[in-house]
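**Student:** Structure in structure tokens, see below.
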Amino acid sequence: MESVQLQQAFFNTIKSTIPMHISMVDSIAEILNISYDSVYRRIRGEKPLSMAEIKILCDHFHISLDQVLQLENDNVVFHAPGINNNHNIEFADYLTGILTQFKAFNSFEKRCMRYLCKDLPIWHFYSLPVIAAFKTFCWIKTIQNHPSLQNKKFSLAEFSYDECYSIGQQILVEYCKLPSIELWNFESLNSTIRQVEYYRDAELFANEDDFYAVLDSLSQLIDHFQQQAEVGLKFLPGASEVTYREPLQFYVNEVILGNNSIMVEINDKQLCFINYNVLEYLMTKDHRFNTKSIQSFNNLLSRSTIISGTGERFRNKFFHHLRNRVDELKLIPRVNGS
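With our numbering applied, the sequence shown closes on residue 678, and no number is skipped along the way.
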């Protein structure tokens, strides 16, 4: 491929990453601090991009030159937000990052999300304030090991995390605007079940009322999932039919656990997000990787059971299993026998 064609392919790649209502020329002029005329000359290939300019644009738009240059190798470039941070960010900021990502998805006319769900997606816990408070406390104390919670027990009165809940609710609003195909399994709630059980056994609940409040909230969350699956649409708890949003295709696989990964199609572009270190994620725009990931996801779907809008018998079985797992916690004695 000639250098002019490569440069034009580079700009086409940039254009595919930004929403239609945003001007690529305006963005590049601002990023490189050059005139519109200079941008157009580069787009047409009349003026070569410098290596410094290429680096700036690749960093800003998270573009891999391997893909632009069509290099046939086994390398896949991933973007890892926060990889250069030497400390954990505030959890509210972490949630704000997810909110920004969902808003970006919804800025595209054509969009669809596929979710391979080994564990319950983080935003679902912000459907209800009690389970949201517990999970936020657990993530900050146990996963991030935040020093401010070192000797603290979970208390609804002390740790309501109203700011995080507010951001989480905004994420859910954006989530409800995004059509999705989600593949769950009978173990998708296990990590949360184990966290609640661990906190009880380790006596990390400030009082028993908080423990049962968390279990009740988790049961209500399961009820909400089933309500959405019954109609095959996304909506917030308590919403009426007139506020129902985008379609939800809900599948369950009885055999494969898989991992936590998201594949998003926006217009003609594909993105893949892979979870690591519990809360962090990697993102790639590599066409080969994303195509293979979607093919694998669709292969799993063909061996799964759809429970949204249909499949009432299996749907009831699935959610009954989840409720039983929660109810069992109420009967399990503490490790010390108290």
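C-beta: ideal position from N, C-alpha, C; glycine also. Keep in mind it's a predicted model, so treat the numbers as computed, not measured.
For the alpha helix (DSSP H) that GLN490 lies in, which residues bound it at each end?
**Tutor:** Start at 1 with the first residue of the sequence shown, and residue 490 comes out as number 150. Unbroken run through GLN490: none, as it is neither H nor E.
**Student:** Could you check the C-alpha separation between VAL675 and PHE418 for me, to the nearest Å?
**Tutor:** Numbered from 1 along the sequence shown, position 335 holds the residue referred to as residue 675. Numbered from 1 along the sequence shown, position 78 holds the residue referred to as residue 418. Note that VAL675 has pLDDT 46, beneath the 50 cutoff, so the model's placement of it is unreliable and no number is given.
**Student:** Taking ARG454 as part of the beta strand (DSSP E), name the residues at either end of that continuous run.
**Tutor:** The residue you call residue 454 lines up with position 114 of the sequence shown. First-last of the beta strand (DSSP E) with ARG454: 451-456.
**Student:** With DSSP as the reference, label HIS627 as helix, strand or coil.
**Tutor:** Residue mapping note: residue 627 aligns to position 287 of the sequence shown, counting from 1. Three-state DSSP puts HIS627 in a helix.
**Student:** Measuring alpha carbon to alpha carbon, tell me which residue in HIS400, ALA542, VAL513 and LEU529 is nearest ARG665.
**Tutor:** What you label residue 665 is simply residue 325 of the sequence shown in a count that begins at 1. Comparing Cα-Cα distances from ARG665 to each of HIS400, ALA542, VAL513 and LEU529, the minimum goes to LEU529.
**Student:** State the DSSP-derived secondary structure class of SER467, mapped to helix, strand or coil.
**Tutor:** Position 127 of the sequence shown holds residue 467. It is helical.
**Student:** Which residue's Cα is closest to the Cα of SER633: ILE614, ILE362, TYR539 and PRO487?
**Tutor:** Here residue 633 corresponds to residue number 293 of the sequence shown, with the count starting at 1. The shortest C-alpha separation from SER633 is found at ILE614.
**Student:** Quick check on LEU512: buried or exposed, where buried means 16 or more other Cβ atoms within 10 Å of its Cβ?
**Tutor:** The sequence position of residue 512 within the sequence shown is 172, counting from 1. Label assigned to LEU512: buried.
**Student:** Hey, how far is the Cα of GLU370 from the Cα of VAL379?
**Tutor:** Counted from its first residue, the sequence shown places residue 370 at position 30. Counted from its first residue, the sequence shown places residue 379 at position 39. Each residue's Cα considered, the two are about 10 Å apart.
**Student:** Report the option in GLU668, ASN415 and ASN607 whose CA atom is closest to the CA atom of ASN446.
**Tutor:** Here residue 446 refers to the residue found at position 106 of the sequence shown. Nearest C-alpha to ASN446: ASN607.
**Student:** Can you check which of these residues, GLN484, VAL365, PHE465 and GLU498, is closest to ALA546 by C-alpha distance?
**Tutor:** For this step, residue 546 is matched to residue 206 along the sequence shown. Nearest option by C-alpha distance: GLU498.
**Student:** May I have the straight-line CA-CA distance separating CYS478 from LEU561, to the nearest angstrom?
**Tutor:** Mapped onto the sequence shown, residue 478 falls at position 138. Mapped onto the sequence shown, residue 561 falls at position 221. Distance between the alpha carbons of CYS478 and LEU561 is about 18 Å.
**Student:** Could you check where the beta strand (DSSP E) with ASN446 kicks off and where it finishes?
**Tutor:** Against the sequence shown, residue 446 aligns to sequence position 106. Unbroken run through ASN446 is the alpha helix (DSSP H), 431-446; no beta strand (DSSP E).
**Student:** Whether or not the segment 570-578 and the segment 645-654 are in contact is what I'm after, with contact meaning three or more pairs of Cβ atoms, one per stretch, closer than 8 Å; do they touch?
**Tutor:** Output reads yes: the segment 570-578 touches the segment 645-654.
**Student:** Between which two residues does the alpha helix (DSSP H) harbouring CYS504 extend?
**Tutor:** By one-based count along the sequence shown, residue 504 stands at place 164. Unbroken alpha helix (DSSP H) run through CYS504: 502-515.
**Student:** For the ligand MG, is there any heavy atom lying closer than 7 Å to the beta carbon of ILE371?
**Tutor:** Ligands are entirely absent from the displayed structure, and the ligand MG is therefore not among its contents.
**Student:** Is it buried or exposed for GLN347, if we count other Cβ within 10 angstroms and need 16 for buried?
**Tutor:** For this step, residue 347 is matched to residue 7 along the sequence shown. GLN347 is buried by the Cβ-count criterion.
**Student:** In whole angstroms, give me the CA-to-CA distance for TYR505 and TYR466.
**Tutor:** Taking the sequence shown and counting its residues from 1, the one referred to as residue 505 is at position 165. Taking the sequence shown and counting its residues from 1, the one referred to as residue 466 is at position 126. About 6 Å.
**Student:** Considering Cα atoms alone, identify which of GLU586, ASP626, LEU597 and TYR621 is closest to ARG451.
**Tutor:** Translated into positions along the sequence shown, residue 451 becomes position 111. Of GLU586, ASP626, LEU597 and TYR621, the residue nearest in Cα terms is GLU586.
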